[in-house]
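S.K.: Have a look at this one.
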Amino acid sequence: NVSAQMAPISDYFVRSYISSGPQINTTAKPDVLFSHAVRMHDASSFQISFGRTSLPEGTKLRMTSYFDGATQHLTASGLRQWNNKSAWFNGSHVLVELIAEPNSTAAHVTIEGVMMIEQFMDEDRSICGSTDDRALSYENRDARALPIGCSAWIIDDPNHTLLTAGHCTEGGIGDVAVIEFNVPLSDANGNLQHPGPEDQYASDVESLQSNYATIGNDWAYFGCFPNTETGLTPYQAQNDYYVLSSTAPPVNGQQITITGFGSTSSPVSPTYNQAQKTHTGPYAQLNGTSIAYQTDTSGGNSGSAVLNESTGEAIGIHTNGGCSSSGGENWGCAIHNSGLQEALANPQGVCVPNILIYSFANGFPDQVDPNNPFLIPFTVSPGNEDPLSNSVEVVLTVNGDTEFLGNLHQGGNEFEVMLPAFQCGDTIEYYFKAQGNEGTWVHYPYDAPATKLSLEVGDFVDGVILQESFEDGIPNDWSASGFWTATESCMPSGDCDGGAAAYFGVTAGCTYEDPNTASGALQTNQISIAGHDGAIVLSFCSALETEDNDSYDLAELFVNNILIDELDDSSGWQEYEYVLDVSGDSLQIEWRFNSVDNLYNNFRGWHIDGIQIIAQTLECNDIATCPADLNDDATVSVTDLLIVIEQWGEEDSPADISGDGVVDVTDLLAIVGAWGAC
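In this note's numbering, the protein residues as written are 4 to 681.
Laid out in structure tokens, this is it:
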């Protein structure tokens, strides 16, 4: 069983409506205008949820726990950042106060209720061997993410923000809304206890970039707002971070440490539950972007750093359990995952280095037509420094030759660059650079020239390289073991592509019952992908009916012998689609079934049908050699310029060289950019 490892907890809302009504301070000194004790009897901790609340300048909320005296203050901006919620408080009573300076505008607060966490028994232990060898630890750079119950960690990006597992943010930033450092032990019953609000941070929704597709493609990159009590970011407060490796290395005797906030069960003390713990074990596998290790974890460890003890660098994100008392391995997403690397190169929200701020209203093209110059408008706005407008350039490299495009300023913070016409087969890379008034150079992408933007010349055309519906049985060059066969029997409800399907089961009884463990694989031939430059997309229909237990009756998808996904039970057909991240000139797809035991196998089994692989090929035609040559005299000259002026403002005109729907300044610039003989 290879299962995602969130903690065995759930959060729920308890309504308790209280409103202060409008309140104003008529005294000559700061005053408490309203107070209310929020009581949740027998609660170990809770978070307050606010409704319609107005906090004009000079007013704020103060919340104080009767249990340990922990205090948080929220202004209007802080309340927005915390999404109208408080920090988590220990105990069952919290005092809420509305405080105002003299002469401030009327304020009011509404309390809608509280969020609470329900703790369950740990059902997701992935201990490698018979004993849980994790020990308490006190790493400053590791955090607990709530309410989902995952782990997160500070990294070495420019703003020292955070990584966790993608499945920890499957529901959005709200799943990791609060990031806690310096987490205390849980109480004697295993109920979570929280650090003071000075160690809790609200996550920024604008910063989140994540993906949760498969093992090896499960990551999230995000940041937090400064703390409401200290004004510090997590890194400024914790003063520690993980250094990211550029890639996960091949297995060569390394030891892997996992530190995080996993759950516990007997005989481990309940006070260790979701407190910080660590363990070190051997590195076991590197398969593409999936890494495996025999290091103890449990539910709540999802998102932990995978630390290579040989180098002291993080080589991945822990995501999945797989160990048991009899062996196995736990799994993570390797740091060199291309999507994660792209996110790190293009930070969002509070993750963006804020020296200078780039924005691109129209984005960037992935591909362009040949022989067609095009315009990219953009802005460079002040951050911690003001941009020097005459410093802004685009560094363009075509077929290894680099040029600097300057004089881009259009006034204010507005800039635009006209990229020249390119030819079929050109290799194009570019990036933006600007200098701040204190001398700092800022690039976009921020780590350019190590990372650059790129362009393809031509059009990506979809081509079907595999289509299989099993109407003529299992293809001769495929392999099928176990109960796999092609049949129209035992079919699920609904429709995929009609007719026969590949089926793992015994048609006589429509089950996969067997005196022994039932297992088998359906495997394609080696499929050539040579010459395909774009995306490769696999799609198929699946219908899986088993006892629906995560530890048994495993239905797994492999690509080039790398585990991509574990498929879900569904009584009828369910469609799946994957954008495959593969290298080399061929690929092979495999659907593996394993009942694990010989119990409870009297279910229908697994159907696969409607398999299709689409591969994109870049096609380019240089026939339209000179779109700016409007009079077809093989020269872009004043004659073409006059045609643009004559048709200025017209729509659907041949003089609309840029193709933006209207003849305007972009077409004028296209003429200038293409001036001379075609």
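Even glycine gets a Cβ: it sits at the ideal position worked out from N, Cα and C. Every value quoted in this text rests on a predicted model; they were computed, and no experiment measured them.
#1: Tell me, please, which residues DSSP counts as bridged to F37.
#2: Please report the residue range of the beta strand (DSSP E) in which F244 lies.
#3: Can you tell me the Cβ-Cβ gap for V309 and G335, rounded? I've got them flagged as a contact below 8 Å.
#4: Between the beta-carbon of Y434 and the beta-carbon of Y447, is there less than 8 Å?
#5: Who are the near neighbours of V665 in its chain, counting only those whose CB is closer than 6 Å to its CB and skipping five residues on each side?
#6: Looking at P385: is its Cβ nearer than 8 Å to the Cβ of P423?
#7: Are N416 and T382 touching if we call contact CB-CB under 8 Å?
#8: Just confirm the distance between the C-beta atoms of N311 and I318, as a whole number of angstroms; I'd bet it's less than 8 Å.
#9: Classify V41 as buried or exposed, calling it buried when 16 or more other Cβ atoms lie within 10 Å of its own Cβ.
#10: My output table needs one value for H610: the three-state DSSP class, helix, strand or coil.
#11: Apart from the five residues just before and just after A364, which ones in its own chain have a Cβ nearer than 7 Å to its Cβ?
#12: Can the beta-carbon of P273 be found less than 8 Å from the beta-carbon of N143?
#13: Assuming I27 contacts A109 under a Cβ cut-off of 8 Å, what Cβ separation, rounded to an integer in Å, is found between them?
#14: Please report the straight-line C-alpha distance between S52 and G676, rounded to a whole angstrom.
#15: Can you check the region 51-101 for any alpha helix (DSSP H) of at least 4 residues that lies completely inside it and give the ranges in chain order?
#16: Beta-carbon within less than 6 Å of V35's beta-carbon, same chain only, minus the 5 sequence neighbours each way: which residues are those?
#17: Could you work out which residue in Q196, L139 and C131 is closest to P150 when comparing CA atoms only?
#18: Determine the direct distance from the alpha carbon of I617 to that of V509, and round the result to whole angstroms.
#19: Of the choices D600, V562, F596 and S574, whose alpha-carbon is the least far from that of L1?
#20: Kindly indicate which residue of T231, E201, N276 and V401 has the alpha-carbon position closest to the one of D135.
#21: Answer yes or no: do S206 and A223 have a C-beta to C-beta separation smaller than 8 Å?
#22: With a Cβ-Cβ cutoff of 8 Å, do T520 and N601 count as a contact?
#23: Between the Cα of P105 and those of L633, S573 and P33, spot the shortest distance and give me the residue it belongs to.
#24: So who's on the other strand from R42, going by DSSP bridges?
#25: Within the continuous alpha helix (DSSP H) that includes L672, where are the two ends?
#26: Over what stretch of residues does the beta strand (DSSP E) that includes V420 continue unbroken?
#27: Starting from the C-beta of V401, find all residues in its chain whose C-beta is less than 6 Å away, skip the five residues before and the five after it, and write them out in chain order.
#28: First and last residue of the beta strand (DSSP E) that includes D221?
#29: In the DSSP assignment, what are the bridge partners of Y286?
#30: Roughly how many whole angstroms lie between the Cα atoms of F49 and E459?
#31: Let me know the secondary structure DSSP gives H339 once reduced to three states.
#32: Pick out whichever of L247, N86, W481 and E183 has its Cα sitting closest to the Cα of D160.
#33: Quick one: give me the first and last residue of the beta strand (DSSP E) that V540 is part of.
M.R.: So, from the listed chains and residues:
#1: For F37, which the question treats as bridged, DSSP gives the partners L101.
#2: The question names Phe, but residue 244 in the sequence shown is Tyr. No beta strand (DSSP E) holds Y244; DSSP gives it neither H nor E.
#3: 5 Å
#4: yes
#5: E654
#6: no
#7: yes
#8: In this structure N311 is in contact with I318, their Cβ atoms being roughly 5 Å apart against a cut-off of 8 Å.
#9: Within 10 angstroms of the beta-carbon of V41 lie 16 or more other beta-carbons, which makes it buried.
#10: strand
#11: P380
#12: Cβ distance not < 8 Å, so P273 and N143 don't count as in contact.
#13: That belief holds up - the Cβ atoms of I27 and A109 are roughly 4 Å apart, short of 8 Å.
#14: 58 Å
#15: 79-84
#16: E100 and I102
#17: Q196
#18: 32 Å
#19: In the structure as shown, the chain begins at 4 and stops at 681. Residue 1 is therefore absent and cannot be evaluated.
#20: N276
#21: no
#22: yes
#23: P33
#24: H96
#25: V668 to G676
#26: That run of the beta strand (DSSP E) goes E417 to L422.
#27: D429 and I431
#28: N220 to F225
#29: Y296
#30: 53 Å
#31: coil
#32: L247
#33: I539 to E548
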